[in-house]
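I have placed the structure first, in the form of structure tokens, so that the comments after it can refer back to it.
Residue numbers (the numbering used here): 1329 to 1393.
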């Protein structure tokens, strides 16, 4: 099935458009729960890896140090 590129497409929990991708509510909630648990556990490296991974999915650049 061929669809127009004017609309949004739901793909793996993200809304994908020509302008980019946006996560849906459940995806954001899972990410927040995961990061919160890692912060409470004190695993700084795992928090940084999770944030970097999520930013990569969204096509965001991570600030350089």
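Glycine included, each C-beta is placed from N, C-alpha and C at the ideal position. Everything numeric in this text was worked out from a predicted model, so none of it was measured.
Within the DSSP secondary-structure output, residue 1349 pairs in a beta bridge with 1344. Judged by beta-carbon spacing, residue 1378 lies within the 8 Å limit of residue 1362, meaning their Cβ atoms are closer than that value. Per DSSP, reduced to three states, the secondary structure at residue 1337 is strand. C-alpha of residue 1332 to C-alpha of residue 1371: approximately 44 Å in a straight line.
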